[in-house]
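Undergrad:
In our numbering, the protein residues as written are 15 to 101.
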């Protein structure tokens with residue numbers, strides 16, 4: 015993922031609660047929903063592991079499952095606040 019420097023400087027990095035792989039999900043959420051930025055991913059092709067074990071821990075997997083749910087709830091909470099304000 016490539017991010018324009020001027021957009022990235024607008025992100026409050028201290029507000030990001032995720033770590034590891036999940037930080038990219040949260041960063042994309044902030045860029046798109048909070049800052050209205052456009053995101054274009056540049057694909058990276060990984061070859062399948064033939065020997066050895068995955069380095070991804072159970073903690074990283076569970077965080078990867080929970081972060082999208084957390085961001086979804088955050089989005090609906092923000093929308094609810096704006097909807098209540100408009101009434």
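Glycine included, C-beta positions come from ideal geometry on N, C-alpha and C.
Helix, strand or coil: how does DSSP classify residue 80 here?
TA: The residue labelled residue 80 in the question sits at position 66 within the chain shown. It is helical.
Undergrad: Can you tell which of 50, 47, 76 has its C-alpha closest to the C-alpha of residue 32?
TA: Position 18 of the chain shown, counting from 1, holds the residue named residue 32. For residue 32, the nearest C-alpha among the options comes from 76.
Undergrad: Can you check whether the CB of residue 25 is closer than 8 Å to the CB of residue 56?
TA: The residue you call residue 56 lines up with position 42 of the chain shown. The residue you call residue 25 lines up with position 11 of the chain shown. No, the pair does not count as a contact, with Cβ atoms beyond the cut-off.
Undergrad: For the alpha helix (DSSP H) holding residue 43, just list the boundary residues, first then last.
TA: Counting from 1 along the chain shown, the entry for residue 43 is found at position 29. Taken as a continuous stretch (DSSP letters only), the alpha helix (DSSP H) holding residue 43 covers 36 to 43.
Undergrad: Skipping 5 residues on each side, what residues in its chain have a beta carbon closer than 8 Å to that of residue 30?
TA: By one-based count along the chain shown, residue 30 stands at place 16. 37, 40, 41, 44.
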